[in-house]
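Enquirer: When we follow our numbering, the leftmost residue of the first sequence carries the number 168, and every step to the right adds one.
Built from N, CA and C at the ideal position, the CB exists for glycine as well.
Take a look at this one; I'll ask things after.
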Amino acid sequence: MQLIIQSKALADAILAVLLTQWPGVGTDLQYKNCFELIIAVILSAQCTDEQVNKVTPALFANWPDPASLATAPLEALEKAVYSTGFYKHKAQHIKETARIIAETYSGRVPETFEALLELPGVGRKTAHLVQSLCHNKPGLIIDTHVLRITQRTGLALSSNPYKTEKILASIITEELHARASFALNRQAKHICTARKPQCEICSINALCRTYSPGNFSQ
DNA sequence: ATCCCGAGGG
DNA sequence: CCCTCTGGAT
Numbered sequence: 168m169q170l171i172i173q174s175k176a177l178a179d180a181i182l183a184v185l186l187t188q189w190p191g192v193g194t195d196l197q198y199k200n201c202f203e204l205i206i207a208v209i210l211s212a213q214c215t216d217e218q219v220n221k222v223t224p225a226l227f228a229n230w231p232d233p234a235s236l237a238t239a240p241l242e243a244l245e246k247a248v249y250s251t252g253f254y255k256h257k258a259q260h261i262k263e264t265a266r267i268i269a270e271t272y273s274g275r276v277p278e279t280f281e282a283l284l285e286l287p288g289v290g291r292k293t294a295h296l297v298q299s300l301c302h303n304k305p306g307l308i309i310d311t312h313v314l315r316i317t318q319r320t321g322l323a324l325s326s327n328p329y330k331t332e333k334i335l336a337s338i339i340t341e342e343l344h345a346r347a348s349f350a351l352n353r354q355a356k357h358i359c360t361a362r363k364p365q366c367e368i369c370s371i372n373a374l375c376r377t378y379s380p381g382n383f384s385q
């Protein structure tokens, strides 16, 4: 109980800073609609957004909607998404996801979390991201950046994304799920980086359990 | 050598 | 819990 209270206070303090610093809710992925977003997010697994943005313009020019993407030759898709890595899985996933969206959901990206999770290539992170940006629904988006910064700061001491999601859900109100996710993502991506974190200029270093002045290693 | 807005399977 | 899938950037 005491732990939860302390965690909530820490979350409140960290979010007070980060929500002001990163007021926007968004992604660096380029997309024109829900369908393009969910495909782009599937492609973003273990890959930078910039790399995804290099392949999606041609991908959506050739196959602009779920029905057409569902009919795309697998080999052509593998070539189209090759540079994003995991290309065999990703090609199959986006083709099959497009087919299900076209056939089962009349070409519209489903709104419920359960329906999204059933799409191949869509896990909790992707489902929550789509719900946040497309359907304006709450959802904590635990990507590699959020996982790293929550571990380092002590906001959630877990290396398991699902556990971290549950911990954060217990200390962050639903209304803030999307904004908190993007603010944490931004801070981690630009300041609390994996390799050389910029602790000295980090706006929440006073709240971070890992930080001590002069310590650049973590 | 390590990491990138993961997911699926054992 | 673990492992595998994968190219590109640093």
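1) Which residues in the same chain as Ser-370 place their Cβ atom closer than 7 Å to its Cβ, once the five residues preceding and following it in sequence are excluded?
2) Just list the alpha helix (DSSP H) runs in the segment 169-215, keeping only unbroken ones of 4 residues or longer that don't cross its boundaries, in chain order.
3) Is it buried or exposed, Ala-212, if we count other Cβ atoms within 10 angstroms and call 16 or more buried?
4) Among the residues of its own chain, which have a CB less than 7 Å from the CB of Gln-218, if the five just before and after it don't count?
5) For Gly-191, count neighbouring C-beta atoms within 10 Å of its own C-beta (all shown protein chains included) and say buried if the count is 16 or more, exposed if not.
6) Candidates Leu-210, Asp-232, Glu-278, Pro-233: which alpha carbon is nearest Val-245's?
7) Distance check for Glu-341 and Leu-182, CA to CA, integer angstroms please.
8) Are there any heavy atoms of the ligand PLP lying less than 8 Å away from the beta-carbon of Gly-288, as far as the coordinates show?
9) Under DSSP, the alpha helix (DSSP H) around Glu-285 begins and ends at which residues?
10) For the segment 317-329 against the segment 220-232, are there 3 or more C-beta pairs whose distance is under 8 Å?
11) Taking only the alpha-carbon atoms, compute the straight-line gap between Tyr-272 and Leu-300 and give it to the nearest angstrom.
12) Using C-beta distances below 6 Å, list every residue in its chain close to Leu-351, excluding the 5 sequence neighbours before and after it, in chain order.
Expert: On the basis of the coordinates in this document:
1) Result list for Ser-370: Val-184, Gln-188, in chain order.
2) Taking 4 residues as the shortest admissible run, the segment 169-215 contains the following complete alpha helix (DSSP H) segments, listed from N- to C-terminal end: 169-188, 201-210.
3) Note on Ala-212: 16 or more other CB atoms within 10 angstroms of its CB, so buried under the neighbour-count rule.
4) For Gln-218, where only same-chain residues beyond five positions count, the Cβ hits under 7 Å are Ser-250, Thr-251.
5) Gly-191 is exposed by the Cβ-count criterion.
6) First, the residue type needs correcting, since residue 245 is Glu and not Val in the sequence shown. Ranking the options by Cα distance to Glu-245, first place goes to Leu-210.
7) So the two alpha carbons sit approximately 13 Å from each other.
8) With respect to the ligand PLP, the structure shown offers nothing to examine, as it has no ligands at all.
9) No alpha helix (DSSP H) contains Glu-285, which DSSP labels as neither H nor E.
10) They do not touch, by the three-pair rule.
11) If I take the Cα positions, the gap works out to 19 Å.
12) Cβ within range, chain order: Val-313, Ile-316.
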